[in-house]
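Report on one structure; see the data block that follows.
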Amino acid sequence: MIDISQKEVWFITGSQHLYGPETLEQVAKNSSEIVEALNASQQIPVKVVFKPTVKTTEEIYETLTAANQEANCIGIITWMHTFSPAKMWIRGLTALQKPLCHLHTQFNRDIPWDSIDMDFMNLNQAAHGDREFGFIVSRLRKNRKVVVGHWSQESVQKKIGDWTRVAAGWDDWQGAKFARFGDNMRFVAVTDGDKVEAETKFGFSVNTYAVGDLVEVINGVSDQAIAELVKEYESSYNMVDSLLEGGEFRQSLIEAARIELGLEKFLVDGGFKGFTDTFEDLHGMVQLPGIAVQRLMQKGYSFAGEGDWKTAALVRAMKVMGAGLEGGNAFMEDYTYHLDPKEPRILGSHMLEVDPVLAASRPSCEVHPLGIGGKADPVRLVFNGRAGDSLVAGLMDFGNRFRLLINKTVGEEVKEALPKLPVARIMWKPLPDFETACTAWILGGGAHHTCYSENVSVEQLEDFAEIAGIESLVIDEHTTIRDFKNTIHTNEAYYR
Ligand code: MN
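First residue of the sequence shown? That's -18 in this note's numbering, and the numbers climb one at a time after it.
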């Protein structure tokens, strides 16, 4: 399971020596009170670490480069309680490599109408101090999050918390390793892309491993470990009769457990956060990994099918962003449509690998033949998705840039029994409506593979794209095709 609670964001207050020691003492006291409140907030999933007020070019540079160096620090929050002449920030901000959130707040919420004097005015200066700071960040062309409002407000704390989740997703990518068994599915365009550019831009690496290397690990799994895992299957899922002891396909279940244990060992030993495979390259494997991939995804490893390393990486980052929240983030494919003009819907699924984090109820463990890959019948978990607000996000390589395409969706309860469908199924309606959403998705070059999310917001993904320095396009309740096309055309010029 993914745990981000030990990660840190540094809270850095800017000022200058002009105010004298008494005021600066008050500034530090007030800042630490804000930090305490943020740490007490249920909305913020990481530690907020108070840092001494920075008052000179040197102090700023030292603090920001220390943030770069501290492995546990996933980003910094800055606030100008008083005025902090921003030329002092140029050197530090230029060197800063961690995500930046500018909290535009004020220590005193209300103006004390009867007692306000120049002392109050000179202490509560964020209204102009933060504008001076904002100028230099813009002047340096640095992307950052700006959060506005009183620090005690729940909605402000939520915005900060949401941003820390984004920063945690970004942090997780830095130095992350994704294993690719085999290459891309032959001839497929959208799942392919520039892995060198991705590593430069995103910080994670994708490298290939022969499926034979994996098979060797799978074959080394002990019978005892398999027996234990089979027991776990039996206690966790509704098993179909043919998979029970003495059942016709009992051996398939044993092979599935062997594959899961081997795959997990391979991932643990190699320090991988996710992986991809392709049914065109499974030499030596008895069946296509189904339940193995499903359960590993539920544990926090990410996966995408057919060699799709970009989606695998995106799913991982989004799993980190949603860590500990209700709902899930999962590899998804737009599979089939229900084109009833009154109620068009998208049925999302995959051949086997649908993440049980999306299961509305206890999955059933089944075995069915697979008409693709030419292997033995694979075991898989079958379940329905949940109703509720959601989104899909796809990451594509456009040659001169990566594009993150996001579509707001509404998950729907699956009411039909679908007795002959041997895979998990998720149902949703895209916003603003089926026709506009699908038109925009196609015009935006959106992939058929996505990450389906029940707990990451559009705003978080936009912030993520800004940290990465890539394009983001949103399809939501406000989208019109005319505006969407214009945005694409404008962006072509912007990224040229
Ligand atoms: Mn696929």
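Built from N, CA and C at the ideal position, the CB exists for glycine as well. Here the structure is a predicted model, which means the values were calculated and not measured.
Which whole-angstrom value is the C-beta distance of residue i and residue j, which I expect to be below 8 angstroms?
i: residue 422; j: residue 386; result: 7 angstroms
i: residue 259; j: residue 166; result: 5 angstroms
i: residue 240; j: residue 330; result: Not a contact, Cβ separation roughly 21 angstroms.
i: residue 55; j: residue 27; result: 7 angstroms
i: residue 58; j: residue 132; result: The pair is not a contact, with the Cβ atoms about 10 angstroms apart (cut-off 8 angstroms).
i: residue -17; j: residue 44; result: With 8 angstroms as the limit, residue -17 and residue 44 do not qualify as a contact, their Cβ atoms being about 29 angstroms apart.
i: residue 153; j: residue 298; result: 6 angstroms
i: residue 271; j: residue 359; result: 4 angstroms
Rounded to a whole number of angstroms, what is the C-alpha to C-alpha distance between residue i and residue j?
i: residue 199; j: residue 80; result: 40 angstroms
i: residue 194; j: residue 295; result: 25 angstroms
i: residue 99; j: residue 105; result: 10 angstroms
i: residue 305; j: residue 72; result: 37 angstroms
i: residue 342; j: residue 233; result: 24 angstroms
i: residue 402; j: residue 150; result: 34 angstroms
i: residue 176; j: residue 158; result: 12 angstroms
i: residue 19; j: residue 196; result: 48 angstroms
i: residue -5; j: residue 389; result: 38 angstroms
i: residue 286; j: residue 130; result: 43 angstroms
i: residue 418; j: residue 371; result: 14 angstroms
i: residue 457; j: residue 438; result: 12 angstroms
i: residue 136; j: residue 115; result: 21 angstroms
i: residue 365; j: residue -11; result: 37 angstroms
i: residue 162; j: residue 317; result: 27 angstroms
i: residue 38; j: residue 281; result: 42 angstroms
i: residue 373; j: residue 207; result: 35 angstroms
i: residue 291; j: residue 431; result: 10 angstroms
i: residue 215; j: residue 236; result: 15 angstroms
i: residue 7; j: residue 95; result: 21 angstroms
i: residue 2; j: residue 84; result: 24 angstroms
i: residue 394; j: residue 326; result: 11 angstroms
i: residue 192; j: residue 257; result: 11 angstroms
i: residue 253; j: residue 293; result: 12 angstroms
i: residue 228; j: residue 278; result: 27 angstroms
i: residue 221; j: residue 350; result: 14 angstroms
i: residue 34; j: residue 446; result: 30 angstroms
i: residue 13; j: residue 86; result: 14 angstroms
i: residue 263; j: residue 187; result: 19 angstroms
i: residue 21; j: residue 356; result: 53 angstroms
i: residue 314; j: residue 428; result: 9 angstroms
Between residue i and the ligand MN, is there a pair consisting of the residue's CB and a ligand heavy atom that are separated by less than 7 angstroms?
i: residue 314; result: yes
i: residue 286; result: yes
i: residue 430; result: yes
i: residue 131; result: no
i: residue 349; result: no
i: residue 331; result: yes
Let's see if you can read the secondary structure: which residues bound the beta strand (DSSP E) around residue i?
i: residue 353; result: Segment: none, residue 353 is in no beta strand (DSSP E) and carries neither H nor E.
i: residue 382; result: Segment: none, residue 382 is in no beta strand (DSSP E) and carries neither H nor E.
i: residue 462; result: From DSSP, residue 462 is part of no beta strand (DSSP E) but of the alpha helix (DSSP H) over 462 to 475.
i: residue 190; result: 186 to 190
i: residue 160; result: 158 to 162
i: residue 410; result: 407 to 411
i: residue 399; result: No beta strand (DSSP E) holds residue 399; DSSP gives it neither H nor E.
i: residue 58; result: 54 to 60
i: residue 251; result: Looking at the DSSP string, residue 251 is not in any beta strand (DSSP E); the run it does join, the alpha helix (DSSP H), is 231 to 251.
i: residue 42; result: Segment 38 to 50 is the alpha helix (DSSP H) holding residue 42; no beta strand (DSSP E) there.
Taking the continuous alpha helix (DSSP H) assigned at residue i, which residues delimit it?
i: residue 101; result: 99 to 104
i: residue 265; result: Element bounds for residue 265: n/a, residue is neither H nor E.
i: residue 28; result: No alpha helix (DSSP H) contains residue 28, which is instead part of the beta strand (DSSP E) from 28 to 35.
i: residue 20; result: 1 to 21
i: residue 216; result: 204 to 217
Only counting the same chain, and skipping five residues up and downstream in sequence, which positions put a Cβ closer than 6 angstroms to that of residue i?
i: residue 155; result: 184
i: residue 443; result: 453
i: residue 311; result: 336, 338, 339 and 433
i: residue 24; result: 138, 139 and 142
i: residue 274; result: 284 and 334
i: residue 126; result: 82, 144 and 444
i: residue 231; result: none
i: residue 472; result: 452
i: residue 411; result: 388, 390 and 418
i: residue 474; result: none
Between residue i and the rest of its own chain, which residues show a CB-CB distance below 7 angstroms, the 5 nearest in sequence each way excluded?
i: residue 42; result: 72, 73 and 76
i: residue 218; result: 343, 344, 345, 346 and 362
Quick one: what's got a C-beta closer than 8 angstroms to residue i's C-beta in the same chain, skipping five residues either side?
i: residue 203; result: none
i: residue 210; result: 238, 241 and 242
i: residue 399; result: 406
i: residue 53; result: -13, -12 and -11
Should residue i be listed as close to the ligand MG, given that the test is whether its C-beta is under 7 angstroms from any heavy atom?
i: residue 94; result: Inclusion of the ligand MG in the displayed structure is not the case, the ligand content consisting of the ligand MN alone.
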